[in-house]
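Single-structure report; data block below.
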Ligand SMILES: Cc1ncc(COP(=O)(O)O)c(C=O)c1O
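Pasting the structure below:
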């Protein structure tokens, strides 16, 4: 986070806490490409168990974890279904096509909503005349969907749809911890609904780096090969895995504080008619269509007053709460935003 600025651009801007840094310094390490880093191995076992799966694989980024999972599920020339705002096709630089050779088809994105009947109607069966659907991907919580949470019942119905059509289901769970805290759904319940998940330790949980692919043992064995092919084989990565283990032990339950801070921000700016969607977790999506301000102008004016926010589009912006923004800074952000929006 830039010094003396209140940084609400993303929950990826957090810095390791002193306790986390101690855990990193003390980590036992080995060469993880040889499978010999005890801290990485412990993290992988821990995350697999949390989600009730057999295995997990530590990766440098959420994008790599997603793309490895998609390559496990969708062979070249076959199709992935996801929503039009999904991170896997919006922000991952075309990797599904460029590295996985897969095509993608999308349903319209409305927040975090998914209609399992719409998805069911899009699935194309195997056959020589059309591209076969091999996997469906959803995002929990949904980044461009304003941190929205897909209800458990919807996910269960989607699982039925996937089973009936014999296609796989992937969860981009970069912020699945936030859904778990917001809806009280056990991580293992989420885990049981998906063939593969990607989960991030560096978005809200405060680790500097790291994501995992979670799934069945045979899939994760193949994932290890794909990770190496993509240049993601790391050596003494236990230093990073130690930060992740620390984050899991200390920073999941506290996400409720970030959700409360986001709710407070949302309540303060709601009277200006700029909330794009109800706030469920730590993201506050702004729609400035009904104000004279466009997003770059608001962001520039906020920056001049020491507040950083993200511009997502000409009239859309985003605030994200996280562990490096304490309550007094949220008060300050509210003062700044209400002043700018009132002007
Ligand atoms: C929903 C979602 N998935 C995946 C990622 C990718 O993570 P990374 O930046 O580590 O590649 C992000 C990043 O913000 C995200 O928000």
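Residue numbers (the working numbering): 12 to 354. For every residue, glycine included, the Cβ atom is placed at its ideal position computed from N, Cα and C. Quick caveat: nothing in here was measured; it's all calculated off a predicted structure.
Taking the Cα positions, residue 34 is about 21 Å away from residue 333. In this structure, residue 62 keeps its C-beta atom at 8 Å or more from the C-beta atom of residue 192. Our two residues, residue 145 and residue 174, have alpha carbons roughly 11 Å apart in a direct line. Shortest gap from the CB of residue 185 to any heavy atom of ligand 1: under 7 Å. Ranking 169, 320 and 325 by CA distance to the CA of residue 182 puts 169 first. If you ignore the 5 residues before and after residue 220, its C-beta comes within less than 7 Å of the C-beta of 71, 213 and 251, all in its own chain and listed in chain order. Positions of the alpha helix (DSSP H) runs, each at least 4 residues long and wholly inside the stretch 273–353, are given as 306–315 and 338–353 in order along the chain.
By the criterion of a C-beta distance shorter than 6 Å, residue 77 is surrounded in its chain by 99, 183 and 209, once the five residues flanking it on both sides are discounted. Sorting 277, 200 and 242 by C-alpha distance to the C-alpha of residue 341 places 277 at the top. The beta carbon of residue 57 lies closer than 7 Å to those of 256 and 259 in the same chain, with the five residues before and after it left out.
Comparing C-alpha distances from residue 180 to each of 288, 85 and 154 shows the shortest one belongs to 85. For residue 144, DSSP records a beta bridge to 90. Taking 8 Å as the cut-off, the Cβ atoms of residue 312 and residue 351 count as close. Spatial neighbours of residue 80 in its own chain (CB-CB distance under 8 Å, excluding positions within 5 residues in sequence) are listed in chain order as 181, 207, 208, 209, 224, 226 and 234. Inter-residue distance for residue 282 and residue 135 is about 45 Å (C-alpha atoms, whole angstroms).
When distances are taken from the beta-carbon of residue 23 to the heavy atoms of ligand 1, the shortest one is below 7 Å.
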